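Chains as they are written, first to last, in the numbering used here: chain A, -3 to 470; chain B, 7 to 106; chain C, 25 to 509.
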Amino acid sequence: MSRSEWEMVIGLEVHTELRTATKLFCGCANHFGDEPNTNVCPVCLGLPGSLPVLNRTAVEYAIRIGTALHCTVQPSLFHRKNYFYPDMPKDYQISQYDVPINADGWLALPDGRRVGIERAHIEEDTGKSTHVGESGRIHGADHSLVDYNRAGVPLVEIVGRPDLRSGDDARIYVDELRAILVATGASDGKMEEGSLRVDANVSVRPRGAADLGTRCEIKNMNSLRSLGRAIEYEATRQITLLEEGGTVSQETRHWDEGTGRTSTMRSKEDAYDYRYFPEPDLVPIVPSEEWIRAVADALPPMPGDRRSAVAAAAKLAPDADPVVTVVRLDLDSLLHAAVAAGADGGLAVKRLANEVASSLERAAVLDPVAFATVVQMESRSALTPAQARTVLKDLLEGGGDPAAIAKAHGFEAMASDALADAVDQVIAENPGEWERFAGGEDKVQGFLIGKIKAATGGNADLKEASALLRGRRS
Amino acid sequence: MATPISTADVAHVARLARLALSDEELDQFTGQLAAVLAHAADIEALDTAGVPPTAHALPIHNVLRDDVVVAGVDREEVLAQAPAAESGRFRVPRILGEAP
Amino acid sequence: MTANPAADIAGAIRRGEKTASGVLEEHLARVQAREPEIHAFNLVLEENARDTAAQIDAAVARGVDPGPLAGVPIALKDNLCTRGVPTTCSSRMLAGWRPPYDATVVARVTAAGAVAIGKTNLDEFAMGSSTENSAFGPTRNPLDPSRVPGGSSGGSAAAVAAGFAPLALGSDTGGSIRQPAALCGVVGTKPTYGVVSRYGLVAFASSLDQIGPFARSVGDAALLFDVIAGHDPADSTSLAGAPPVASAALEHGVDGLRVGLVTELVGAEGLSGEVVAGTRAAAEALASAGAKVEEVSVPATVYGLSAYYLIAPAEASSNLSRYDGVRYGHRATGAADITDMYIASRSEGFGPEVKRRIMLGTYALSAGYYDAYYGQAQKVRTLIIRDFEVAYQSFDVLLSPTAPGTAFPLGAKTADPLLMYLNDVCTIPSNLAGHPAMSVPWGAGADGLPLGVQVLAPALGETVMFQVAATLERLAPAAGRKVES
Ligand SMILES: [Zn+2]
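Below you can see the structure in the form of structure tokens.
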């Protein structure tokens, strides 16, 4: 079978830290990068006799995430997940098990496809181990040192359904999910700092097959790029295995960024028996209808809605690159203000996605009305595109009045008569090329336009010039 | 009724609980656990269809705290209680595998 | 009137008739005389206690009221965290551990003027019914040192019975306050679950554990209960709102109250004849004092023991995972890697009963057995709560024996865990239901050792429970042996 006869099936589990002031069950600061073991107390160190008390804001953030992912927000319980590991102070993790706070939602990818969300539940983070020894890694370390500043930091784990079909799909999904999480204000979405962590369940099956293949869980992917690479590598590994007559065994595999390979971390036979049971130190969360509604009402528009609005204003598809860029860079409020001031949406999106995006740090001071004016001048050919870009650049750097900037540059609007004269002049000076163009040879147009551009010192509106050329042809 | 607990079960459970048992302890614990579980046969046999489990005897929910930072404990006081500490951290023997 | 030594001491100190320091020295003298034989304490806090007593005397001298427990020595079970003071749970695992914080109850009794005199011995991590499972040696019954004091709060019960302190705090997961109270001839109370904060109580079984008072009288127990009860934001399972007041109706008698004698508990497996006879006599005494007494069936209580010995070990197996040698407590030396270190530290640090319960609980929660054991036990818990609810529609309080017999000789039950577990058969149902219950001394057995009778009440029914207990105390036949104090 060729590669195209196989289908990849991918489901992602994404952990996000919540941007609360304090940890999930104690009043210690939830703060990245502090001196080790300085944000600790009896609760998050798991000292004997200590008890957890749930952070209201963490619950609210979880409800925000669930609402943004179209989940049902429901009464929920905490369970204990029991396993021994030194970065876990109680040697159990307080998590949600069979009754999560958010269940059954979906996320729409920019192209409109929906990815199912099985659940988005609350749990606590672990501490961090540093491995001491020559390698600096877990294997071959002499001993390890544990810092519990991160222990008890609130997490939401978003479990996606196996609706993704490629490494690219997975990257797009995580990118979109990250944008949603940031939009809710619940997460900073920093994958590199570890506040967003992704595990992937990957399986393959012959295209068209109804049943899922045996899956492997891939861990340790620290960027979107490594996520895509790891998934593609793993799928290829499974396909090769199956084509050689082997079978895939269910296991957890570790992605090595350096070698670009996955390797067995733990087989199913070693699967831990977590002995989940209801956490007796905590009581159920039963969010009221009013609370859920208030959280939903306070949510800002999500990236998908914003892209739809931009797409409508620009008459583009919601997943068109400039639309995606404008929303990703939070330039859509500028767009809508410019359109309200009379600018053409399509041209405004183009300028935002290019010139404004490339000096993003200045975008905050860009006056939407001045921006609209530049776009309008370009639309009615009072400025050529090149001139418009120059004016916009000046506007971004120092502000001011677009008309005055244009005038200072000597960008006088070229009268149509003058342009027509220039066109006629170029036709007269290049009879051979003109003959070919007039005979239907479109590729000569570039040559002629180049001549017109030179003849006008770059001040010609080239769209207008090509219209004139074509007009002379018939 | 479940099959009686075996020494293999007890050895497995000891492993899960991170306890080492001598052969003698293994035999002794197997017998003692079997006796307690045999006593529990009365509830195993009980028809509890439709009975909800009680995890909390309390009828309360939504116990929540405000998201306000409170001073924790002093690191030196905590590390002084640790069997081994180094560079402001808890020192442990080498870890052989990633967290499950 | 029954003597209330704690209330009397506090009153005398508040009025300036006695000094806290003087009272403390009297008690320390008794400790010095008998502690070597009894071993009620893991640690006597002589110096700290003297400092505290001096502060109380200074406060009184300044005209400041130190509070309702002014200058009253109190013994604290050694599973209650005390800041900077070793808290061992009578385990090698925690030997030498000094918590960086006080349990809420410790803060409350201290704020009320009590003087912590020592940390009392217990069955390791509160697992046991005789205080023989202590890593630091057993406590002996002050009334007969060849006998156990009961457990797991045996040190606290013995401290009060021996006159080392008029008050003590214990914890009760399946009877660990009430059974030793009965065996030592003192009053012991397990409050409604959620009425007393568990913050700083080293957990055994979180959904069952509750801290409660030991005292020589019902009035003193009520005094201490009223100090420790009340909401604590540090414990999510702490009930909001004002707690019931134990001392509200102590003098009201029982005229017209409906008292149910629980058929299944009077007929429970393993009870001695004199225990049953004593409980029936207590019921008759209440009837002659004006209560309407009838027998009542609470059918599901017969399943209490089985449910308890699945639920409590299951929770314990998880609660005790944290003793892994990483952050505090015992660490085995020479382990090659972390897993070896865990196994060696835990195997060295825990005694056999703790290991047994961890194993039992791990098994009850493990894959394939959860539904049959832990899940089923939680459903039985529902049945017990339902059956109590029915009974309390017709009765204000219920009555039963506390323990199966009088104090038994050391070593008598150590070889057979199940036999030891049967000590809790009458006390367990209240823990599973989250209800309050207390043991009041009721005469003596043929061996001259005390018997106890248990008063059970519905959730938050402490006021009426103490009311009935106070009446029983007034009606009780003369005790056998008593330690003078
Ligand atoms: Zn903390």
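Don't be surprised by glycine CBs; every beta carbon is placed ideally from N, CA and C. Since we're looking at a predicted model, the values are computed, not measured.
Verify the contact flag: residue i, CB atom, against every heavy atom of ligand 1, threshold strictly below 6 angstroms.
i	result
C/C105	no
A/V39	yes
A/C24	yes
Return the CA-CA distance between residue i and residue j, expressed in angstroms with no decimal places.
i	j	result
C/A181	B/T13	38 angstroms
B/P59	C/E71	49 angstroms
C/S200	C/E339	17 angstroms
A/L208	A/P158	9 angstroms
A/E9	A/S219	14 angstroms
A/F443	A/G435	15 angstroms
A/L237	B/R24	37 angstroms
A/A25	B/V76	8 angstroms
A/G338	A/A378	15 angstroms
C/M25	C/A309	Here C/M25 scores only 43 on pLDDT, less than 50, and its place in the model should not be relied on; the value that follows carries that caveat. Between C/M25 and C/A309, the C-alpha separation is close to 17 angstroms.
C/S296	C/L225	33 angstroms
A/W2	A/A104	25 angstroms
A/L330	A/D457	26 angstroms
C/D89	C/R39	9 angstroms
A/R262	A/H66	34 angstroms
A/G23	A/A147	12 angstroms
C/R498	C/A273	14 angstroms
A/I90	C/S230	14 angstroms
A/R174	A/V55	19 angstroms
C/S221	A/L278	13 angstroms
C/T261	C/I409	18 angstroms
C/G349	B/A17	22 angstroms
C/A64	C/K143	9 angstroms
C/L167	C/P123	33 angstroms
A/V194	B/Q87	36 angstroms
C/P501	C/D279	20 angstroms
C/A468	C/S312	21 angstroms
A/N51	C/A307	49 angstroms
What I want to know is whether the C-beta of residue i ends up closer than 6 angstroms to one or more non-hydrogen atoms of ligand 2.
i	result
B/V75	This structure does not include ligand 2; its bound ligands are ligand 1.
Grouping DSSP H, G and I as helix and E and B as strand, with all else coil, what is residue i?
i	result
C/H63	coil
C/P474	strand
A/D438	helix
B/H67	coil
C/T363	helix
A/M519	Shown here, chain A extends from -3 to 470; a query on residue 519 of chain A therefore has no answer.
A/M373	helix
A/T255	coil
A/F28	coil
A/N426	coil
A/N78	strand
A/D457	coil
C/K316	strand
A/S222	helix
A/R161	coil
B/M7	Any reading at B/M7 is ruled out, since the residue's pLDDT is 49, under 50, leaving its predicted position unreliable.
C/E70	helix
Return the bridge partner residues of residue i from the DSSP annotation.
i	result
C/T213	C/M462
A/E213	A/N197, A/T248
B/P106	In the DSSP output, where bridge partners are listed per residue, B/P106 has none listed.
C/K101	C/T144
A/G474	Missing from the structure shown is residue 474 of chain A; chain A here goes from -3 to 470 and no further.
C/R282	C/K316
**OP:** Anything in the region 373 to 384 of chain C with a Cβ closer than 7 angstroms to a Cβ of chain B? List those residues in chain order, please.
**Re:** K379, R380, I382, M383, L384
**OP:** Below 8 angstroms between beta carbons is the criterion; list the residues of the region 90 to 110 of chain A that meet it against any residue of chain B, in chain order.
**Re:** none
Original post:
Taking any Cβ of chain A, which residues in the region 14 to 28 of chain B have a Cβ under 7 angstroms from it, in chain order?
Top reply: L22, R24
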